[in-house]
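A.B. asks: Here the protein sequences line up with chains A and B, keeping their order.
Last residue of the first sequence: number 498 in this note's numbering, and the count goes up by one each step with no gaps.
Last residue of the second sequence: number 1498 in this note's numbering, and the count goes up by one each step with no gaps.
We treat Cβ as the ideally placed atom computed from N, Cα and C, and that holds for glycine.
If you scroll down you'll find the structure; I have some questions about it.
There are 2 protein chains.
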Amino acid sequence: MAALFRSSMKLRPATRLSAVRTLTTTPHLRAAEKPFFPDEPTAPKLATAIPGPKNKAAAEKLDKVFDVRSLNMLTDYTKSTGNYIADLDGNVLLDVYAQIASIPVGYNNPHLRKVAESPEMITSLINRPALGNFPSHDWADILNTGILKAAPKGLNQVFTAMAGSDANETAYKAAFMYYRQRERGGPETEFTEEELETTMKNQSPGSPQLSIMSFKSAFHGRLFGSLSTTRSKPIHKLDIPAFDWPQAPFPALKYPLEEHAQENAQEEQRCLQETERLIKEWHNPVAAVIVEPIQSEGGDNHASPAFFRGLREITKRNNVLFIVDEVQTGVGATGKFWAHDHWNLETPPDMVTFSKKAQTAGYYYGNPALRPNKPYRQFNTWMGDPARALIFRGIIEEIERLNLVEHTAATGDYLFAGLERLAKQYPEHLQNLRGKGQGTFIAWDTPKRDEFVAKAKGVGVNIGGSGVSAVRLRPMLVFQKHHADILLESVEKIIKQL
Amino acid sequence: MAALFRSSMKLRPATRLSAVRTLTTTPHLRAAEKPFFPDEPTAPKLATAIPGPKNKAAAEKLDKVFDVRSLNMLTDYTKSTGNYIADLDGNVLLDVYAQIASIPVGYNNPHLRKVAESPEMITSLINRPALGNFPSHDWADILNTGILKAAPKGLNQVFTAMAGSDANETAYKAAFMYYRQRERGGPETEFTEEELETTMKNQSPGSPQLSIMSFKSAFHGRLFGSLSTTRSKPIHKLDIPAFDWPQAPFPALKYPLEEHAQENAQEEQRCLQETERLIKEWHNPVAAVIVEPIQSEGGDNHASPAFFRGLREITKRNNVLFIVDEVQTGVGATGKFWAHDHWNLETPPDMVTFSKKAQTAGYYYGNPALRPNKPYRQFNTWMGDPARALIFRGIIEEIERLNLVEHTAATGDYLFAGLERLAKQYPEHLQNLRGKGQGTFIAWDTPKRDEFVAKAKGVGVNIGGSGVSAVRLRPMLVFQKHHADILLESVEKIIKQL
């Protein structure tokens, strides 16, 4: 904190410092945990109304060249530390949104700083390779000590990508090529003249009318293939041409799950049956099913491990690939490194996609037959970015050093218990609390959601929503019990203002 | 060069140094140009057959986790300098392929090294923002002094992206939203209930059956929307579902252009007429036309400025947006910063997409109406990468400092004249030489193209092909006349081996 204020003093006249409002004076190290970031503030600080004057001026300037209508706040990353995000007006907020769930180990993490300053990083920044043609001499090592060290059980290979959307779309491409290869009779069968000709006209059979199945309320990205599987909100999809692909119903469960076990199981059974029916009957044959372990953008919708095991069985039985989209759930936030680790699958997913907290992207796979039968079928110039792969390696090292996955499981339990207490006290404002046993991947519904999220900054917290009515918590993996205490107090303060 | 060898000596026993073959002993500074990279080798060096034993061993290791069937060579970037690329066996090649045309200012460029070591870079690497929500306080400055400083004439805004494919696809999305907005009667008209409902089912009118028109042999990327506009080769498209979008004929010109002016003009006229007919008649209405200034992956196919001016007129007349894909042609290689600067358009393109030599990606636009009418319609978590935007700023600075666009125009003329001499001498091996007055963006056809490209490494040059029969030159902007001399000698050596 001292460091934080030393640097911010350069920008603010000393006289204004007295106006800074420290929001919580109670000792927040109750749980006696050693802070991961010794220099972190002990509480949020509010210096101005938000957005403050500097933010407003900067937003106006930026708007001239860059659409700012989805702007949340301009951020001073040089003054952000650990779980705290700083704006341009001296406000410092506890951040439980974390760049839409994409910051894993805290702002200005010292270990990542070392990675960023390393000679390997400099080389990869200034000599960006076309990875499919000219990978660096140490690319296998970077993968094996980084991205693949974290590979889900049963998957030992990776295709690297840039972000969640193209990670999913390249996985879809692999699925389509695999499907057609099987139809054709194997990798040795040559393409027909008709295929070669029709694909140049975007017509079947060369460009076949196959499909990827996703679930209602799912979010898998915003490019043309991924958007065709995204079913979150109209505003994500309107006016964009889409493929005629099927959507299965996602279970609409009742919370708390343990109190509605039987009817939830029935609902999941209904969805599984409908899923299998669609796979068998959809007019554009289904090459793969993609699913999020917890539907995130769609409103934090959960399903049980039994549902996902059922889905794995259905895909196996129908010769359809099973893709798990761990873009938002992956890398520790649910109390397991991968959220699908909660499911105890008998056979692993065919592909698992990742991005966000990995700070790089791609899909894992295990079956060598998922490599297309010829080179240059799954290819692009950059195929990812080694600079970002080095950052992921640093993140994995930091997660291991601090045991952050188990830590997040425990902190999540502590936070969830606190929210359960609040839910009893304010049942109208905290409905359908969910994410028990899922680390800090917690959400609830509230009738005045947009107002709730907007008021959060006024009590020193940066918080996000999902779906129509959910408040979603997406703290970093370095979120600790004393941060949970602040968050719980803040939630109560907001509720009292509604 | 001294530095290069100092470091490589650590890896190679001294006794092997004597085996290194310096390929050219003639003085290559004929043109008396001062080298941009004082430490660059004066000629390629061959230490082993390529691939050498270390490359083979490393490729085998990498193949276990990463598909290497499109591998060209494993690269030691720490030993690569300027125009020279080094492999793991001590071979150092003159690189006129440059990571598929994506390295602009040389390997290990000292100015980019400074950028990579800067505090701004470190911050942007370890605090990656969700740019649409939480841009950094200096994001407007980074854009204005970087990406936008290089903006094409008439375009003053940018949507940032990750790579060429998503740059094009987000431009397509902007075009579709713009088209439907105009149909609807403007940005204030609300979506209908029917649109909101149908888009969730991927059906029209919410997900409309509109199209993007591209040209035969075009390459615009490999994700689902961009691949639907890519018409380069079957292997790029097979087995992947595609949209029912139209392709216009691209002029099949005869080279040298100046000797076939009249028939080429007729061919271009024919293509323009067919383009307009397709726009008027295609069953899925055309929202935009996308075109490359020089079709690159498709075989280095050129058209005249008059053709592109005609295309601009047709798109204007038919209320269709005009997107220029400068992913491969942009950032100086054609002797102008943007290749479409050669056209003298009366009105600028509606959008210009960029990637590759920019080391970051996105689309430029000028018309504010191309911003969708509501926030979160054109959005994703990262929306690019500020770390790579900083690199592009460094590249622009280096281009300005060394006047590399004019330099490339002059070097290109010098190189082209040399190739014309060779074409006269070896007409069978250098057919349809093209790219005159287009900087170093030069290509020719040769009947034994694959053999030509494969043999290039044996004479110390890394060179690529495009299309079915073209050798394409894609040197960096720091390619100088003495490199051209080496390249010309090498081309002749290869021809003599065929």
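(1) Considering only the beta carbon of each residue, do M1200 of chain B and R1377 of chain B sit closer than 8 Å?
(2) Chain B beta carbons: is any one of them nearer than 8 Å to that of M351 of chain A?
(3) Give the list of continuous alpha helix (DSSP H) stretches no shorter than 4 residues that lie fully inside the segment 337-394 of chain A.
(4) Residues bridged to R1472 of chain B by DSSP?
(5) Helix, strand or coil for F416 of chain A, going by three-state DSSP, please let me know.
(6) What do you reckon, are the CB atoms on M351 of chain A and V289 of chain A nearer than 8 Å?
(7) Please confirm whether S469 of chain A has its beta-carbon closer than 8 Å to some beta-carbon of chain B.
(8) By a C-beta neighbour count over all protein chains shown, 10 Å radius and 16 as the cutoff for buried, is E501 of chain A buried or exposed?
(9) Give a yes or no on whether 8 Å exceeds the smallest Cβ distance from P27 of chain A to chain B.
(10) Can L1088 of chain B and L1074 of chain B be called in contact, C-beta distance under 8 Å?
(11) Under the DSSP definition of a beta bridge, which residues are partnered with L321 of chain A?
(12) Which whole-angstrom value is the C-beta distance of A423 of chain A and G298 of chain A, which I expect to be below 8 Å?
(13) Comparing the C-beta of I1463 of chain B with each C-beta of chain A, is any distance below 8 Å?
(14) For Q99 of chain A, which residues in chain B fall below 9 Å Cβ to Cβ?
(15) Report yes or no: is there a C-beta of chain A within less than 8 Å of the C-beta of V1459 of chain B?
(16) For T1199 of chain B, return the contacting residues in chain A, with the cut-off set at a CB-CB distance below 7 Å.
(17) So, S490 of chain A versus V459 of chain A, is the Cβ gap smaller than 8 Å?
(18) According to the Cβ coordinates, are A1333 of chain B and T1411 of chain B closer than 8 Å?
(19) Check G1485 of chain B in the structure and name its three-state DSSP category.
(20) Tell me whether V1286 of chain B, by its Cβ, gets closer than 7 Å to a heavy atom of the ligand PLP.
(21) Considering only the beta carbon of each residue, do E169 of chain A and G82 of chain A sit closer than 8 Å?
(22) Under a CB-based cut-off of 8 Å, is M1162 of chain B close to chain E?
(23) In whole angstroms, what separates the C-alpha of P27 of chain A from that of G106 of chain A?
(24) Mind pulling the chain A residues with CB within less than 7 Å of E1117 of chain B?
(25) Counting pairs of Cβ atoms below 8 Å between the segment 202-210 of chain A and the segment 264-276 of chain A, do you hit three or more?
(26) Can you list, in chain order, the residues of its chain whose CB lies under 6 Å from that of K216 of chain A, leaving out five sequence neighbours each side?
(27) Counting contacts by CB-CB distance shorter than 8 Å, is R1474 of chain B in contact with chain A?
(28) With DSSP as the reference, label R1434 of chain B as helix, strand or coil.
(29) Could you tell me whether the segment 1309-1317 of chain B touches the segment 1236-1247 of chain B, where touching means 3 or more Cβ pairs closer than 8 Å?
(30) Using the beta-carbon count (16 or more within 10 Å), is G1186 of chain B buried or exposed?
(31) For a contact defined as C-beta to C-beta under 9 Å, what are the partners of N223 of chain A on chain B?
(32) According to DSSP, I212 of chain A sits in a beta bridge with which residue or residues?
(33) Pair every Cβ in the segment 129-143 of chain A with every Cβ in the segment 355-364 of chain A, then say whether three or more of these pairs are closer than 8 Å.
(34) Using 8 Å as the limit for Cβ to Cβ distance, is I1142 of chain B near chain A?
(35) L131 of chain A: which of B:I1147, B:D1141, B:S1102 and B:A1116 sits nearest, CA to CA?
(36) V1453 of chain B lies in the alpha helix (DSSP H); which residues open and close that run?
C.D. replies: The answer reads as follows:
(1) no
(2) no
(3) none
(4) B:A1443 and B:G1464
(5) helix
(6) no
(7) no
(8) Residue coverage of chain A in this structure runs from 1 to 498, which leaves residue 501 of chain A outside it and unanswerable.
(9) The predicted model places P27 of chain A with a pLDDT of 47, which falls under 50 and marks its position as unreliable, so this point remains unresolved.
(10) yes
(11) A:A288
(12) Not really, about 22 Å apart at Cβ, beyond 8 Å.
(13) no
(14) N1127, R1128, P1129, A1130, N1133, F1134, T1381 and W1382
(15) no
(16) P234, K237 and L238
(17) yes
(18) no
(19) First, the residue type needs correcting, since residue 1485 of chain B is Asp and not Gly in the sequence shown. Three-state DSSP puts D1485 of chain B in a helix.
(20) The ligand PLP is not part of this structure, which contains no ligands at all.
(21) no
(22) Given the protein chain composition of this structure (A and B), no chain E is represented.
(23) Only weak support is given to the placement of P27 of chain A: the predicted model assigns it a pLDDT of 47, under 50, and the question is left unresolved by the model.
(24) I122
(25) no
(26) R231, Q247, P249 and F250
(27) no
(28) strand
(29) no
(30) exposed
(31) At residue 223 of chain A the sequence reads Leu, which differs from the Asn that was named. Here the neighbours are S1165, D1166, E1169, T1170, K1173, L1223, F1224, G1225, S1226 and N1380.
(32) A:A288
(33) no
(34) no
(35) B:S1102
(36) R1449 to A1456
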